[in-house]
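Chains as they are written, first to last, in numbering that gives the first Met the number 0: chain A, 0 to 138; chain B, 0 to 138; chain L, 0 to 138.
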Amino acid sequence: MWIQKEILLQPRQRGFHLITDEVINNIPELIDISIGSLSIFIKHTSASLTINEDADPTVRIDFESYFNEAVPENSPYYKHTIEGPDDMPAHLKSSILGSSITVPISDGKLNLGTWQGIYLCEHRNKKPTRKIVITINGK
Amino acid sequence: MWIQKEILLQPRQRGFHLITDEVINNIPELIDISIGSLSIFIKHTSASLTINEDADPTVRIDFESYFNEAVPENSPYYKHTIEGPDDMPAHLKSSILGSSITVPISDGKLNLGTWQGIYLCEHRNKKPTRKIVITINGK
Amino acid sequence: MWIQKEILLQPRQRGFHLITDEVINNIPELIDISIGSLSIFIKHTSASLTINEDADPTVRIDFESYFNEAVPENSPYYKHTIEGPDDMPAHLKSSILGSSITVPISDGKLNLGTWQGIYLCEHRNKKPTRKIVITINGK
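Given below as structure tokens:
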């Protein structure tokens, strides 16, 4: 069984945001899959997807602080600067964190760990709308 | 053909550890797959999975040194500190390295390069037990 | 439907290189897949794959500059030094960026965003030949 959907996420401000429920609400078909795999792919180069702690919101604040320090704006060697100081760091963060995630499906549900959630990592200031492709394969 | 298993890895101390054999020993069914794909997903937010050099153990020591420097403990801006100084860096390392790997299956075997092995990246001090989900799809 | 190919990429110098066309030219079968998934896996531990901006070549130059700064050569704690100063940083960069990418297939094409391309991230100086495994699954 193959299911594929392209959806627009709600626009979010720069930072790390839990989107687990927004994803799951878009795939009611999950319940029919006993074994399978879900991939989510983000069609942008200045936002990314990752899986991390979903309980304490300060984790997501610390993610934003850490990545701003690790991938600074205005590095003197940046050549790609025409789209603003947040743009080149956004491209770098997006490759460090990755443009897709893969999660196992078991017994009709995403088989995430107790504390795992799906993060949208929004690296731009301008709060853009982000498109993701959800692909489910299973039986 | 779909095969899925949830297994407990042997607990390991903080650092980078080769688990290729432990994974392969759990999936004797591999031999029946001529073309396919293996995904391994770790159900935790303070440990991760990656693929790297499996021959020289000093590579894994250098990984631990590098990531401790790149993602320091006790950064003054961390807000998520209640679970100890190794916790927030563990979450960050886990998203930098990733919670899953995907490896092609060819002719009944994982199609890894000559020097590639699967690493469990254990980012916590307390030597926890880690659960992984192995999903194989192929024909 | 399963398709799998192991191909040799043209050797490229250290840096970040667009390989989208080289990949697509090797998989004319894509046109027959209405829904599916493509995985590309690199069989090396000192080169990696990522997806990022394909329009402005200075983005790829900034990637090289950034990763050289973030993962320096000759760190005093490196123990794995016998293969030259570019080797241990190459292993680290390869795990930060990742050894595989997964891209959705929709209506006979890779469903990449407007500005997305596939990068070969070559982390060694010696311009080696790199082997990738392309695995397509779909219907």
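Backbone N, C-alpha and C define an ideal beta-carbon position, used for all residues, glycine too.
query = Is the Cβ of L91/B closer than 8 Å to any Cβ of chain L?
reply = no
task = Measuring only between beta-carbons, confirm whether T128/A sits less than 8 Å from chain L.
result = no
ask   = For the beta strand (DSSP E) that contains L29/B, what are its first and last residues?
value = L29/B -> no beta strand (DSSP E), and no H or E assigned at all.
inquiry  = Taking the beta strand (DSSP E) that E121/B belongs to, which residues open and close that run?
reply    = Q115 to E121
task = Return the Cβ separation of D53/B and T19/B in integer angstroms, given the expectation that the two are a contact with Cβ distance under 8 Å.
result = 7 Å
message = Looking at the secondary structure, which residues open and close the beta strand (DSSP E) in which V58/B lies?
response = Careful: V58/B lies outside any beta strand (DSSP E), inside the alpha helix (DSSP H) at P56 to A69.
request  = Could you pull out every residue in the same chain whose Cβ sits closer than 8 Å to the Cβ of E21/A, ignoring the five residues on either side in sequence?
outcome  = L8 and Q9
request  = Quick one: which residues of the stretch 9–36 of chain L get their C-beta closer than 9 Å to a C-beta of chain B? List them in chain order.
outcome  = S36
Any C-beta of chain B under 8 Å from that of H122/L = no
key: Rounded Cβ spacing between N67/L and V58/L (contact assumed at less than 8 Å)   = Actually they do not touch by this definition, with Cβ atoms about 15 Å apart.
key: Contact list for the stretch 92–115 of chain L against chain B, Cβ threshold 7 Å   = S93, S94, I95, G97, S98, S99 and T101
ask   = Does DSSP put S38/B in a helix, a strand or coil?
value = strand
task = Give the straight-line distance between the Cα atoms of S93/B and H122/B, rounded to the nearest whole angstrom.
result = 8 Å
message = With distance defined between alpha-carbon atoms, name the residue in D85/L, W114/L, D106/L and I41/L nearest to W114/B.
response = I41/L
request  = May I ask you to list the residues that DSSP assigns as paired with S93/B?
outcome  = Note: S93/B sits in no beta bridge, so no partner.
key: Where E82/L sits in the DSSP three-state scheme   = coil
message = Using the three-state DSSP reduction, which class does T134/B fall into: helix, strand or coil?
response = strand
ask   = For chain L, is any of its Cβ atoms less than 8 Å away from the one on C135/B?
value = The sequence shown places Ile at residue 135/B, rather than the Cys named in the question. Chain L contact via Cβ: absent.
ask   = For K138/B, which residues in chain L fall below 8 Å Cβ to Cβ?
value = W1
inquiry  = So for P88/L, helix, strand or coil by DSSP?
reply    = helix
request  = Under 8 Å by Cβ, that's how I've got G14/A and I135/A pegged, so tell me the actual separation to the nearest angstrom.
outcome  = Not quite, the Cβ-Cβ distance comes to about 28 Å (not below 8 Å), so this is no contact.
Residues that P103/A bridges to, as DSSP identifies them = S36/A
Euclidean distance between Cα positions of I4/B and V102/B = It should be noted that the sequence gives Lys, not Ile, for residue 4/B. Answer to the nearest angstrom: the Cα atoms are 16 Å apart.
request  = Grab the span of the beta strand (DSSP E) containing K4/A for me, first residue to last.
outcome  = W1 to L8
ask   = Can you give the Cα-Cα distance for I2/L and G137/L, rounded to whole angstroms?
value = 9 Å
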